[in-house]
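Below is one structure, written out as structure tokens; the observations come after it.
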């Protein structure tokens, strides 16, 4: 597939994800972790304009000089920006303005890609595509949070069906002790935090072939797990009490029956589905209640070819840290991952919201342990 075709395919998917939205849905920011959908549409466009077109396309005229301030996310190298909590206050530029911006940059990119770029620019271009795929997943998270916290629980798309995911029969997969190679190697794209490939020693361990289901997690709720400090980290116990957490995100007990909000609207909980929207704190507490634990990210990676994954991101017991030999790129691109390697936990796998072809066994996702608006669940180890 040509670079232009790859570009258009990725860019069109973002538009497709937003197609069920009403204009009002584009502008809401209920909490700091959620960005308005229109901001994602603008920010992913800004990435290509800022890092590809402005420095490399002769005679390119930026669409609007103010957009660097509006759509820069966290790149200190690129200049000042609207603080994250204020993204929902941006009634201007309008949704129509941002789509015009997107069309303007897309047209310029098609002209730019008529000539094969240098290897350095091509590498940056591929990063831009993967960056947009990350934001496509975030769009699903944010849209679900926006609509799932609307008192009317409107469906994003009442015909939405999650990708098929088959749970195997539950068994414990045994992995012998030894030295294993982990991390990305070979051809193709990876993020810098997947490098360098290196060896790790693992004791023998067992990992579940299946993810924890809603029905299994209900047993923890019914056993008063949210009210028993013995299963929680001190920080997690403080989080539970401060925020009055009683269930996974989007669960509602209505007239004695459990429902959860899905992208198709409010529906009865499917007890056989893997539990989703669980913080690391909750995942750890559930594992402790079962007398088990979460796998480390390396245990997960070594065993991942032996079970189905991809329904939701899976919390691991690993802190998000650099691999041996990790180095940050020069300039703004060096800010992409490295500066976030503190106070976060690694998740492995992929989710229903991950863009096609974007997942791989070595992918290292990372979030703060209290967050659960992402599509995240539990796999146990012992």
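In the working numbering, the protein residues as written are 81 to 462.
Using N, Cα and C, we set each Cβ at its ideal position, and we do this for glycine too.
Determine the extent of the beta strand (DSSP E) in which residue i is found, giving its start and end residues.
i           : result
residue 285 : 285 to 288
residue 502 : The chain is shown only over 81 to 462; residue 502 falls outside these bounds and no answer can be derived.
residue 333 : 331 to 334
residue 52  : Missing from the structure shown is residue 52; the chain here goes from 81 to 462 and no further.
residue 380 : From DSSP, residue 380 is part of no beta strand (DSSP E) but of the alpha helix (DSSP H) over 377 to 383.
residue 395 : 393 to 399
Under 8 Å between the Cβ atoms of residue i and residue j?
i           : j           : result
residue 468 : residue 136 : Examination of residue 468 is not possible in this model, given that the chain is present from 81 through 462 alone.
residue 372 : residue 364 : no
residue 377 : residue 426 : yes
residue 382 : residue 460 : no
residue 175 : residue 118 : yes
residue 444 : residue 273 : yes
residue 431 : residue 398 : no
residue 210 : residue 357 : no
residue 385 : residue 428 : no
residue 259 : residue 238 : no
residue 128 : residue 208 : yes
residue 116 : residue 167 : yes
residue 353 : residue 304 : no
residue 253 : residue 446 : no
residue 143 : residue 90  : no
residue 458 : residue 349 : no
residue 148 : residue 158 : yes
residue 462 : residue 236 : no
For residue i, count neighbouring C-beta atoms within 10 Å of its own C-beta (all shown protein chains included) and say buried if the count is 16 or more, exposed if not.
i           : result
residue 123 : buried
residue 163 : exposed
residue 194 : exposed
residue 454 : buried
residue 351 : exposed
residue 231 : exposed
residue 328 : buried
residue 291 : buried
residue 141 : exposed
residue 347 : exposed
residue 422 : exposed
residue 324 : exposed
residue 268 : exposed
residue 213 : buried
residue 121 : buried
residue 309 : exposed
residue 217 : buried
residue 250 : exposed
residue 103 : exposed
residue 244 : exposed
residue 336 : exposed
If you draw a straight line from the alpha carbon of residue i to that of residue j, how long is it in whole angstroms?
i           : j           : result
residue 181 : residue 416 : 24 Å
residue 483 : residue 296 : Here the chain covers residues 81 to 462 and nothing more, so residue 483 does not appear.
residue 270 : residue 264 : 7 Å
residue 330 : residue 319 : 17 Å
residue 449 : residue 360 : 5 Å
residue 99  : residue 179 : 12 Å
residue 401 : residue 394 : 17 Å
residue 220 : residue 97  : 8 Å
residue 302 : residue 113 : 30 Å
residue 255 : residue 261 : 14 Å
residue 190 : residue 183 : 11 Å
residue 289 : residue 242 : 21 Å
residue 326 : residue 306 : 6 Å
residue 125 : residue 424 : 28 Å
residue 106 : residue 344 : 18 Å
residue 110 : residue 414 : 30 Å
residue 456 : residue 198 : 38 Å
residue 226 : residue 257 : 45 Å
residue 240 : residue 441 : 27 Å
residue 138 : residue 204 : 17 Å
residue 85  : residue 145 : 28 Å
residue 248 : residue 93  : 31 Å
residue 46  : residue 404 : With the chain covering only 81 through 462, there is no way to say anything about residue 46.
residue 321 : residue 434 : 32 Å
Would you mind reading off the limits of the alpha helix (DSSP H) that contains residue i?
i           : result
residue 367 : 360 to 369
residue 147 : 147 to 151
residue 83  : 83 to 98
Is residue i close to chain B? Criterion is C-beta to C-beta, closer than 8 Å.
i           : result
residue 351 : Going by chain labels, chain B is absent from the structure shown, which holds only one protein chain.
Is any heavy atom in the ligand MG found nearer than 7 Å to the beta carbon of residue i?
i           : result
residue 397 : Only the bare structure without any ligand can be found here, which leaves the ligand MG out of the picture.
Task: Length at least 3, wholly inside the segment 185 to 256: the beta strand (DSSP E) runs in chain order - done: Correct list: 252 to 255.
Task: alpha helix (DSSP H) runs contained entirely in the segment 261 to 326, provided each spans 4 or more residues - done: For the segment 261 to 326, whole alpha helix (DSSP H) runs of length 4 or above, ordered along the chain, are 294 to 302, 314 to 323.
Task: Runs of beta strand (DSSP E) lying entirely within the segment 407 to 460, each at least 3 residues, in chain order - done: DSSP assignment within the segment 407 to 460 yields the following whole beta strand (DSSP E) runs of 3 residues or more, N-terminal first: 425 to 428, 445 to 447.
Task: Unbroken stretches of the alpha helix (DSSP H), 4 residues or longer, contained in the segment 105 to 188 - done: You should have 117 to 128, 147 to 151.
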